[in-house]
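**Q**
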Amino acid sequence: LLSKTDVSRRSDLCALSVILLIKQNTICHAPFHLRQHPPPAKNRMIYLNHFRTNKYSQPIYMAVKGVVFDVTSGKEFYGKGAPYNALVGKDSTRGVAKMSLDPEDLTHDTTGLTEEELKSLDDIFNDVYKAKYPIVGYTSQRILNEDGSPNQNFKPEDQPHFSIKDEF
Numbered sequence: 001l002l003s004k005t006d007v008s009r010r011s012d013l014c015a016l017s018v019i020l021l022i023k024q025n026t027i028c029h030a031p032f033h034l035r036q037h038p039p040p041a042k043n044r045m046i047y048l049n050h051f052r053t054n055k056y057s058q059p060i061y062m063a064v065k066g067v068v069f070d071v072t073s074g075k076e077f078y079g080k081g082a083p084y085n086a087l088v089g090k091d092s093t094r095g096v097a098k099m100s101l102d103p104e105d106l107t108h109d110t111t112g113l114t115e116e117e118l119k120s121l122d123d124i125f126n127d128v129y130k131a132k133y134p135i136v137g138y139t140s141q142r143i144l145n146e147d148g149s150p151n152q153n154f155k156p157e158d159q160p161h162f163s164i165k166d167e168f
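Residue 54 in UniProt numbering sits at position 54 of the sequence shown, with consecutive numbering throughout.
Spelled out as structure tokens, the structure:
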């Protein structure tokens, strides 16, 4: 038989365990917008295929011109079931230039785009994505050459209106 002290200790341990489990669950499953964003890395390569699942607890990333943006703040446009969700988790440069959500246009390849489409791409890139969403990294096409060697001409995008403070 257990003494009164043993029962009390076990009750205390049980209560502590429950509190720790609740606290851990709250921390691990806090909505993404309540978590701190890491500071932007000037040359961090992002593997976008990790961001195609559309889980509510993870950020929403997409790339245009090899620049990866965190579009989580626009989840009504890019989140699960939203109109531009097809652009998420990939470099959709061609689709942005052509204003197309066709699967064959959701690629980084700009071969064959017209001058008008390239102008549209630059305008949307600067006036929408760079103006509204933080840059979190770059795709391998932007940082690396086709043979896998570092691209010596790579320069990080300037995003002067964002500060580290904006990232948190």
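Using N, Cα and C, we set each Cβ at its ideal position, and we do this for glycine too. Values in this document were obtained by computation on a predicted structure and should not be read as measured data.
1) Where do the N-terminal and C-terminal ends of the beta strand (DSSP E) with ILE135 fall, by residue?
2) Just reading off the beta strand (DSSP E) that ALA63 is part of, what are its end residues?
3) Go ahead and label PRO134 buried or exposed: buried means 16 or more other beta carbons lie within 10 angstroms of its beta carbon, across all protein chains shown.
4) Once you ignore the five residues that flank ARG94 on each side, which residues in its own chain have a CB closer than 8 angstroms to its CB?
5) With distance defined between alpha-carbon atoms, name the residue in LYS65, PRO59, VAL68 nearest to LYS75.
6) With distances taken from CA atoms, which of ARG142, ASN145, VAL128, ASN153 is nearest VAL71?
7) Measure the alpha-carbon distance for LYS90 versus PHE125 and round it to whole angstroms.
**A** Judging by the given coordinates:
1) Start and end: 135-138.
2) From DSSP, the beta strand (DSSP E) with ALA63 extends over 61-64.
3) Residue environment: PRO134 is assigned as buried (16 or more neighbouring CB atoms within 10 Å of its CB, all protein chains considered).
4) Excluding five sequence positions before and after ARG94, the CB atoms of its chain that fall closer than 8 angstroms to its own CB belong to SER100, ASP105, LEU106, THR107, HIS108, ASP109, THR110, LEU113, given in chain order.
5) Comparing Cα-Cα distances from LYS75 to each of LYS65, PRO59, VAL68, the minimum goes to PRO59.
6) Of the listed residues, the one whose Cα sits closest to VAL71 is VAL128.
7) So the alpha carbons of these two residues sit roughly 15 angstroms apart.
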